[in-house]
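Chains as they are written, first to last, in the numbering used here: chain Z, 511 to 622; chain D, 62 to 173.
The C-beta atom is built at its ideal place from N, Cα and C for all residues, glycine as well.
Everything numeric in this text was worked out from a predicted model, so none of it was measured.
Report on one structure; see the data block that follows.
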Amino acid sequence: KQEVTQIPAALSVPEGENLVLNCSFTDSAIYNLQWFRQDPGKGLTSLLLIQSSQREQTSGRLNASLDKSSGRSTLYIAASQPGDSATYLCAVKNFGNEKLTFGTGTRLTIIP
Amino acid sequence: AAGVIQSPRHLIKEKRETATLKCYPIPRHDTVYWYQQGPGQDPQFLISFYEKMQSDKGSIPDRFSAQQFSDYHSELNMSSLELGDSALYFCASSFRTGYEQYFGPGTRLTVT
Numbered sequence: 511k512q513e514v515t516q517i518p519a520a521l522s523v524p525e526g527e528n529l530v531l532n533c534s535f536t537d538s539a540i541y542n543l544q545w546f547r548q549d550p551g552k553g554l555t556s557l558l559l560i561q562s563s564q565r566e567q568t569s570g571r572l573n574a575s576l577d578k579s580s581g582r583s584t585l586y587i588a589a590s591q592p593g594d595s596a597t598y599l600c601a602v603k604n605f606g607n608e609k610l611t612f613g614t615g616t617r618l619t620i621i622p
Numbered sequence: 062a063a064g065v066i067q068s069p070r071h072l073i074k075e076k077r078e079t080a081t082l083k084c085y086p087i088p089r090h091d092t093v094y095w096y097q098q099g100p101g102q103d104p105q106f107l108i109s110f111y112e113k114m115q116s117d118k119g120s121i122p123d124r125f126s127a128q129q130f131s132d133y134h135s136e137l138n139m140s141s142l143e144l145g146d147s148a149l150y151f152c153a154s155s156f157r158t159g160y161e162q163y164f165g166p167g168t169r170l171t172v173t
């Protein structure tokens, strides 16, 4: 059974800093991995999708990496802004099923 | 760009009542997924449909049923509602299975 862990559960950093969010998963036979952000009580916004054959994906100030063999992914946010404050979730899709298995998220606060 | 549409956005029901949640996928998306997110929890996969056929099933109670219609919209029917069913219910869609999942804004169900 796939288990996804995100550490830390919460993170506060001053505006302008670069930061890294971590995601680890127990079953390395993944098909793809998605990073999402969720604002309080709101929906999930897809940030990046990394296929199992890829090592990284970039979108603007965001860069996600994937190391399947070690069961890890990181989300790098450059030059953080107060608008980046949200909960960030990683989710993994394994071969053989359709579901995304989510981590418990990292609640990020950017301090102006 | 068109997004996933869910209705209603908020729903209040009493115990033992029934509820129907609707989901309209992004145009040309043929796969629909349902997730349940309890307070402070990560989203949990319920069920998915591809081309109107059930493609995967997660931890969906027997009291719940779902289907995908010929126009690809989907409905989640919930009967004999319990207090523990209070949650945010997300629908997501993708073009084919295994591709990036795009989430709707969610339906917040409150059972009293």
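Measuring only the C-alpha atoms, how far is residue i from residue j?
i                      : j                      : result
residue 595 of chain Z : residue 541 of chain Z : 29 Å
residue 592 of chain Z : residue 622 of chain Z : 6 Å
residue 105 of chain D : residue 81 of chain D  : 19 Å
residue 584 of chain Z : residue 616 of chain Z : 12 Å
residue 607 of chain Z : residue 92 of chain D  : 13 Å
residue 511 of chain Z : residue 101 of chain D : 22 Å
residue 118 of chain D : residue 610 of chain Z : 12 Å
residue 560 of chain Z : residue 123 of chain D : 34 Å
residue 115 of chain D : residue 108 of chain D : 7 Å
residue 545 of chain Z : residue 526 of chain Z : 21 Å
Quick check on residue i: does DSSP put it in helix, strand or coil?
i                      : result
residue 599 of chain Z : strand
residue 146 of chain D : helix
residue 69 of chain D  : coil
residue 594 of chain Z : helix
residue 577 of chain Z : strand
residue 136 of chain D : strand
Alpha carbons only, please: which of the options is nearest the one belonging to residue i?
i                      : options                       : result
residue 146 of chain D : D:76, D:84, D:62 and D:162    : D:76
residue 90 of chain D  : D:171, D:96, D:67 and D:161   : D:161
residue 567 of chain Z : Z:590, Z:519, Z:543 and Z:517 : Z:543
residue 614 of chain Z : Z:525, Z:533, Z:522 and Z:528 : Z:533
residue 551 of chain Z : D:155, D:70 and D:85          : D:70
residue 72 of chain D  : D:85, D:95 and D:148          : D:148
residue 151 of chain D : D:173, D:141 and D:83         : D:83
residue 85 of chain D  : D:79, D:143 and D:95          : D:95
Counting only the same chain and skipping the five closest in sequence on each side, list residues whose C-beta sits under 7 Å from that of residue i.
i                     : result
residue 88 of chain D : 63
Going by DSSP, what residues sit across from residue i in a beta bridge?
i                      : result
residue 74 of chain D  : D:172
residue 141 of chain D : None; residue 141 of chain D has no bridge partner.
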